[in-house]
């Protein structure tokens with residue numbers, strides 16, 4: 380997708396998260412926020428977002444867009460194709476902001492509001508061009524959670540919805556277009572219902588904030604991360620299905636299982652009670668620390684869901700595929716064939732380290748395996764080649780673990796072609812801590828071309844052998860590393 | 380923990396899940412359910428549970444307990460130390476069942492009820508020994524979700540609560556003792572609030588069942604799997620913390636964001652609407668298929684949370700540690716030192732396979748790395764040894780990938796000691812598809828003893844070298860495999 384100029388109006392946690400997501404996807408962002416602290420705050424969100432995004436995708440990210448701060452709404456929105464409004468939840472304020480935006484904004488551009496509760500028809504009241512305004516409601520952390528609720532409202536312009544879908548899918552999100560406007564859209568209605576009930580439970584002394592969190596995260600929270608409400612219940616109903624489940628649990632609707640509409644008095648005593656319990660529960664960790672834990676867990680959960688892929692993991696898998704295609708499209712021309720090829724980089728993820736804080740043995744081969752994949756794509760063995768019934772398998776590997784590396788460190792791999800014939804390719808990878816850094820490990824690999832249907836060795840196809848010959852000509856001037864062709868010695 | 384006789388009264392999805400969890404933890408289970416289909420149903424749940432449990436823990440499971448079916452409550456509960464009641468949610472039925480149980484049950488045993496909604500004081504009404512009955516409310520799938528709400532009620536016996544805690548922690552659960560009884564305990568109050576709101580959204584045509592599920596699983600569901608409600612909001616409040624968050628969102632409590640107490644008419648039209656939408660959403664997959672997807676996703680999410688460990692991942696990590704200790708405690712005497720050591724097994728997990736359905740290259744080393752860990756524990760290099768400031772690192776590895784293997788297949792690894800000196804250990808692993816099956820891969824590894832503080836090689840400590848000498852004496856009669864000491868050849 381082409382780079383789009385993005386304006387972010389309001390630079391709090393949500394606006395900052397949007398700015399980071401857009402910039403990390405390669406779009407240039409202009410921010411307007413009168414808060415003199417906005418720059419520092421967005422910088423902190425961006426640092427979290429960059430670390431998490433690099434961990435989430437096993438693919439190179441595009442060159443990031445710029446984030447610049449403007450002194451007025453007019454300057455921020457000039458030339459923008461999308462405006463994301465994330466100011467406080469006050470309707471009069473939002474109306475004033477839209478009036479100012481629409482004085483300058485390109486009529487083809489769209490304004491997305493991060494509002495949690497207002498209906499689009501309320502936002503559009505009195506606007507110069509009501510159809511230009513839609514709800515685009517994200518979820519914190521904006522740079523990691525894929526969901527964005529798009530609500531056009533009765534006066535919405537279908538082109539605005541289409542542009543929202545295209546732009547936001549392109550930055551790795553899952554746009555959910557809400558067919559009928561309603562206070563709080565969809566997701567926040569559930570959050571609100573749970574929040575009210577939770578306040579009652581704390582106020583009545585039934586449970587503390589920590590016990591409530593545990594009741595969620597050790598139980599149904601794990602279900603909801605993947606299937607939501609109805610599909611979970613469908614499965615629970617067993618072979619008899621949804622009707623059976625409903626027949627069984629329908630009657631409970633009439634029982635006094637929730638306080639619900641009966642809103643607790645939101646007085647200082649309740650605020651003190653909850654804030655005090657929350658301090659007891661989480662106060663031993665700083666917010667920055669909790670943010671990192673949250674982000675690491677989210678990355679881990681998203682990657683677990685990517686395995687199928689399923690739900691949010693599907694969104695991540697699709698975006699990762701796009702990132703890889705973009706990256707390889709530009710790579711071919713850039714490399715100097717007289718040197719080992721710098722085709723792969725990675726970051727040491729939290730789940731890659733053992734209890735000592737060092738990267739676990741098998742993750743070295745994980746990184747080398749990804750480097751081999753990058754090399755294969757580079758020589759033209761892409762999905763189309765594999766679809767033709769030929770693939771290439773690693774048949775032998777020799778690893779030398781030279782040094783340890785800690786969580787969060789950057790890994791940089793270069794690849795040298797040692798030899799090839801009609802069926803085989805022999806390569807070495809060298810892994811360094813950052814480009815030009817200390818050598819961490821080396822990998823020597825023998826790859827064999829395979830006819831995947833017949834399940835036996837077969838010749839490599841012509842475009843690939845030609846590409847290999849080209850690289851071999853370049854790499855012929857390089858000496859083979861001294862560790863190549865060595866065996867493990869007896870003791 | 381000693382094996383306990385468990386009685387499961389009521390063998391539906393929940394009772395079956397309990398039976399499977401107890402049996403897979405090594406307890407013998409007696410089931411009573413008058414349904415002639417109960418045996419088949421529990422067999423299906425057990426098959427799912429066994430596959431999921433083997434995938435969840437990177438540790439050998441204990442020999443499973445038996446599950447037998449009895450013709451009466453009296454026969455099922457005779458000799459039991461714990462009775463899990465999971466009959467239908469009808470108070471009169473539960474009272475009749477408790478009366479029958481307490482005619483036979485050991486006075487020291489405890490009855491845990493799976494009830495979603497009844498308070499313990501209601502369950503205890505008219506019982507011969509009210510203090511013997513507690514709520515022990517699990518979450519489906521019982522064999523994977525760690526949460527169990529323990530509610531003793533005002534007449535509960537503290538010894539019953541203590542026994543519930545000990546027994547249920549011992550089968551890998553997270554017991555949450557609820558301090559004050561209330562209809563629907565804690566978690567189901569939230570589920571009920573969300574369920575009511577969701578019924579309204581479907582009835583009013585605001586969203587379909589699929590859109591509601593997506594609004595949960597692409598957004599806040601991912602947050603709730605790890606932190607729950609309050610800690611998530613604490614982080615969202617940023618440095619200003621919980622008070623700031625509450626000040627910002629408190630007012631929304633008064634807004635019309637939910638229908639809540641206003642219960643929708645639960646008529647046939649609503650059931651048809653929801654069942655129809657659910658068919659459209661999920662009907663292309665059977666319940667069995669959805670169960671497997673759900674379980675695979677839960678295993679993946681739990682393993683992602685195990686990396687820190689955090690939340691439910693902490694429960695899994697603690698149980699895994701217990702399983703390993705149990706397994707190694709019995710292993711020493713069992714092995715024949717004249718043969719390669721069968722110290723490690725694993726199952727090919729869904730996230731271990733690539734798009735071709737084969738185990739990915741680096742997972743072979745993952746399994747060999749775990750086999751090396753098992754070998755190190757076997758020779759006495761346990762946590763206590765490492766705590767002494769010495770560890771052992773793999774410095775060189777030679778892998779041969781001989782054959783492919785698909786998801787779900789069992790892997791069996793044997794380990795042969797090729798040599799050792801005062802600082803080094805040289806081993807080979809052979810990976811087969813099941814015990815005695817076809818060879819999938821071989822791994823030759825050189826390990827080096829390291830002083831972890833000084834960061835350099837150091838001699839192995841005496842108990843370990845003695846153990847190595849013992850194994851070497853046994854393995855000296857074995858020929859070194861022909862692939863050992865080989866290098867990758869040039870082409």
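Protein chains in written order, with the numbering used here: chain Y, 380 to 870; chain C, 380 to 870. We put the beta carbon where it would ideally sit given N, CA and C, even for glycine. What you are looking at is a predicted structure, and each value in this text was computed from that prediction instead of being measured.
Below the 7 Å Cβ cutoff, chain C contributes 870 as neighbours of residue 803(Y), in chain order. For residue 745(Y), the uninterrupted alpha helix (DSSP H) segment begins and ends at 740-757.
For residue 805(Y), the uninterrupted beta strand (DSSP E) run begins and ends at 803-812, by DSSP. Taking the beta carbon of residue 748(Y) as reference, the chain C residues within 8 Å of it are 739, 740, 741, listed in sequence order. The beta-carbon of residue 779(Y) is placed less than 7 Å from the nearest beta-carbon of chain C. Straight-line measurement puts the Cα of residue 806(C) at about 56 Å from the Cα of residue 654(Y).
Taking 7 Å as the threshold, the shortest C-beta distance from residue 518(Y) to chain C falls below it. Residues of chain C whose Cβ lies closer than 9 Å to the Cβ of residue 528(Y) are, in chain order, 594, 598. Judged by their CB atoms, residue 780(C) and residue 750(C) are not nearer to each other than the 7 Å cut-off.
Nearest C-alpha to residue 507(Y) among 524(Y), 480(Y), 494(Y), 525(Y): 480(Y). In this structure, the beta-carbon distance from residue 601(Y) to residue 677(C) falls below 7 Å. Taking a C-beta cut-off of 9 Å against chain Y, the contacting residues of the stretch 844-870 of chain C are 859, 863, 864, 865, 866, 867, 868, 869, 870, listed in chain order. Using a Cβ-Cβ cut-off of 7 Å, residue 823(Y) counts as an interface residue toward chain C, since at least one Cβ of chain C sits closer than that to its own. In the structure shown, the three-state DSSP call for residue 606(C) is coil.
When the beta-carbon positions are compared, residue 424(C) and residue 399(C) come within less than 7 Å of each other. Between the stretch 550-563 of chain C and the stretch 519-529 of chain C there are three or more C-beta pairs closer than 8 Å, enough to call the two in contact. With fewer than 16 neighbouring CB atoms inside 10 Å of its own CB, residue 733(C) falls in the exposed class. Taking a Cβ-Cβ cut-off of 7 Å, the neighbours of residue 617(Y) in chain C comprise 392, 666, given in sequence order. Cβ neighbours of residue 565(Y) within its own chain (closer than 7 Å, five residues either side excluded): 528, 557.
Under the Cβ criterion (8 Å, minimum of three pairs), the stretch 448-461 of chain C counts as touching the stretch 482-493 of chain C. In the DSSP assignment, residue 492(C) forms a beta bridge with 464(C), 514(C).
Within chain Y, the residues whose beta carbon sits less than 7 Å from that of residue 577(C) are 608, listed in sequence order. Taking a C-beta cut-off of 7 Å against chain Y, none of the residues of the stretch 447-473 of chain C qualify. The C-alpha of residue 570(Y) is placed about 19 Å away from the C-alpha of residue 610(Y).
Listed in chain order, the non-local C-beta contacts of residue 470(Y) below 7 Å within the same chain comprise 497, 501, local neighbours out to five positions each way being set aside. The C-beta separation of residue 532(C) from residue 503(C) comes to about 6 Å, placing the pair in contact by the 8 Å criterion. In the DSSP assignment, residue 823(C) falls within the unbroken beta strand (DSSP E) covering 818-830. Contact between residue 489(C) and residue 543(C) holds, with the beta-carbon distance rounding to 6 Å and staying under 8 Å. The continuous alpha helix (DSSP H) containing residue 499(C) extends over residues 499-503. Residues of the stretch 563-574 of chain C with a Cβ closer than 9 Å to any Cβ of chain Y, in chain order: 563, 564, 565, 566, 567, 568, 569, 570, 571, 572, 573, 574.
With fewer than 16 other CB atoms across the displayed protein chains lying within 10 angstroms of its CB, residue 422(Y) is exposed.
Beyond the five residues adjoining it in sequence on each side, residue 675(Y) comes within less than 6 Å, by CB distance, of 729 in the same chain, given in chain order.
Put simply, the CB of residue 718(Y) is far from chain C, with every gap to its CB atoms at 7 Å or more. Using a CB distance cut-off of 7 Å, residue 800(Y) counts as an interface residue toward chain C. Taking the Cβ atoms as the reference, residue 608(C) lies roughly 6 Å from residue 595(Y), within the contact range of under 8 Å.
When DSSP states are grouped into helix, strand and coil, residue 558(Y) belongs to the coil group.
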